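Residue numbers (the numbering used here): 5 to 453.
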């Protein structure tokens, strides 16, 4: 853990005191503050008017009850959240997560990260995040619809295309967004397409949005590899997860000439040294909604399924953590380094622990932090908002071309910022400082609000 500047240490101490027990939020704030010592030394004006303290405090936190009726007629109660973190650059923008682990601390960490991620895209969007401790696994379509409608019956009053624009996240895909948008439309009596992103193509969605986070992460890592005269071509890659982000990370890696040898879900991981059959993974996860262990049963020879364990024990040159927060420990990072990893691209939000990040940086591994590498999803969401505002619909190729340009721009901004602040090649520092400066400058221009 890096030593903080004295003023920043005091700010962090106050964040911990005011947000007791919210360890993921503490981790996210400290990770940014560790990069800001060079900024406040060069720009002491950023410590005036409690600017950094205001950036660490959400503008609004909404917590509400979500009652719904299951298929047996029993009333169930969940808790809903929306943290509207920062709107200095535009309306709040960030996904909704349905998972039993969701609590206010996790939503705050995600909203804090989202603020800087959105700033890096250069698009006019602020940061927010939402969700519920509802578990969609094993629930019928009817139960999921009723839950989504109840959730939106409270949340709708806090949303709007110029106020707060949610999208999907873990546990929230096209089906859930459809149910929530439908309830929003019913309650408001408006077809306000720009209030949700990740929508179906039939009612205002954007082509390439499904693929955007995974594709964007791969574009970022490709640009990072190019700084050392390398590429994905011929490299062994491991991608954790098998959801939306992981699947389309694998698809783009394959297009770039890499070989994916392992992927996972929360029960375990599959290894296929000849290269993961992506079509089979899509069949298992997107059609059957089954566990990744089915891959071994269906594919058989040449594959291995390991229940639990760590996917990061599999030797690879490029690691793409695309499952959830803190999935790569310090021990995992040391194992990856020992096995010859040259680049890590975070498709998930904060998937590497602070110790893991330190191990990668000290070993000289090219490391792409999530707030930069996985910004392609929200960037394409902003493009969806743009299409909705103009009543237009772009082709897949148009949208992907814009996505590729945005991701290379984020890479170049992070690299140039790291160079400017005396840490060439440090994408963590570059991403944190570049995002912070954009948000801080806008906040200062708007006054003390």
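Virtual Cβ for every residue (Gly too), placed ideally from N, Cα, C. Note that the structure is predicted; figures quoted are calculated from it, not measured.
Close Cβ partners of residue i (< 7 angstroms) along its chain, the five nearest in sequence each way excluded
i	result
residue 412	223, 227
residue 156	184, 187, 188
residue 33	16, 19, 60, 116
residue 63	88, 89, 90, 91
residue 403	210, 211, 212, 384, 387
residue 284	299, 302, 303
residue 428	422
residue 181	172, 200, 202, 203
residue 400	211, 212
residue 397	391
residue 347	225, 228, 229, 322, 369, 370
Rounded straight-line distance, which links the Cα of residue j to that of residue i
i	j	result
residue 390	residue 186	21 angstroms
residue 110	residue 100	12 angstroms
residue 365	residue 154	45 angstroms
residue 276	residue 295	16 angstroms
residue 464	residue 289	Absent from the structure is residue 464, since the part of the chain shown begins at 5 and ends at 453.
residue 281	residue 267	10 angstroms
residue 431	residue 74	46 angstroms
residue 303	residue 243	19 angstroms
residue 336	residue 72	41 angstroms
residue 372	residue 385	21 angstroms
residue 352	residue 51	31 angstroms
residue 455	residue 343	Given a span of 5 to 453 for the chain in the structure shown, any question on residue 455 remains unanswerable.
residue 410	residue 76	48 angstroms
residue 10	residue 425	19 angstroms
residue 451	residue 46	22 angstroms
residue 231	residue 349	15 angstroms
residue 361	residue 126	25 angstroms
residue 142	residue 40	44 angstroms
residue 140	residue 250	19 angstroms
residue 105	residue 324	22 angstroms
Proximity of residue i and residue j at Cβ, strictly below 8 angstroms
i	j	result
residue 256	residue 219	yes
residue 199	residue 132	no
residue 136	residue 78	no
residue 252	residue 215	yes
residue 97	residue 382	yes
residue 8	residue 38	yes
residue 163	residue 444	no
residue 528	residue 447	The first residue shown for the chain is 5 and the last is 453, placing residue 528 beyond what the model contains.
residue 28	residue 329	yes
Residue-level contact to chain B via CB, residue i, 8 angstroms cutoff
i	result
residue 316	The structure shown has no chain B; it contains just one protein chain.
For residue j and residue i, believed in contact at Cβ under 8 angstroms, the rounded distance
i	j	result
residue 68	residue 94	Rounded, the Cβ-Cβ distance is 24 angstroms, inconsistent with contact.
residue 221	residue 23	29 angstroms between Cβ atoms; not a contact.
residue 434	residue 419	6 angstroms
residue 107	residue 177	Contact doesn't hold; Cβ gap of about 22 angstroms is too wide.
residue 327	residue 358	Actually they are not in contact, since the Cβ atoms of residue 327 and residue 358 sit about 18 angstroms apart, beyond 8 angstroms.
Close-in-space but distant-in-sequence residues of the same chain around residue i (CB under 8 angstroms, 5 per side omitted)
i	result
residue 312	271, 272
residue 262	236, 237, 238, 239, 240, 241, 322
residue 341	363, 364, 367, 369
residue 25	109
residue 145	179
residue 339	314, 316, 317
residue 124	375, 376, 379, 414, 417, 418, 435, 438, 439, 442
residue 454	Not covered by the structure: residue 454. The range shown for the chain is 5 to 453.
residue 70	81, 82, 83, 84, 136, 138, 151, 154, 155, 158
residue 306	276, 277, 278
residue 167	95, 96
Contacting residues, own chain, Cβ-Cβ under 6 angstroms from residue i (five flanking each side not counted)
i	result
residue 197	208, 392
residue 308	275
residue 30	20
residue 310	272, 273
Length at least 3, wholly inside the stretch 158-196: the beta strand (DSSP E) runs in chain order:
168-171
Enumerated in chain order, which unbroken segments of the alpha helix (DSSP H) with a length of 4 residues or greater are wholly contained in the stretch 293-330?
297-303
I'd like the ranges of any alpha helix (DSSP H) spanning at least 4 consecutive residues and lying wholly in the stretch 21-74.
27-37, 41-46, 55-59
In chain order, which beta strand (DSSP E) runs of at least 3 residues are fully inside the stretch 369-422?
370-372
Report the start-end ranges of each beta strand (DSSP E) in the stretch 327-367 that is 3 residues or longer and not cut off at the edges.
347-349
Tell me the start and end of each unbroken alpha helix (DSSP H) in the stretch 201-238 that is at least 4 residues and wholly inside, in chain order.
213-230
Write down every uninterrupted run of the alpha helix (DSSP H) in the stretch 267-294 whose length is 4 residues or greater and which is fully enclosed by it, in chain order.
282-286
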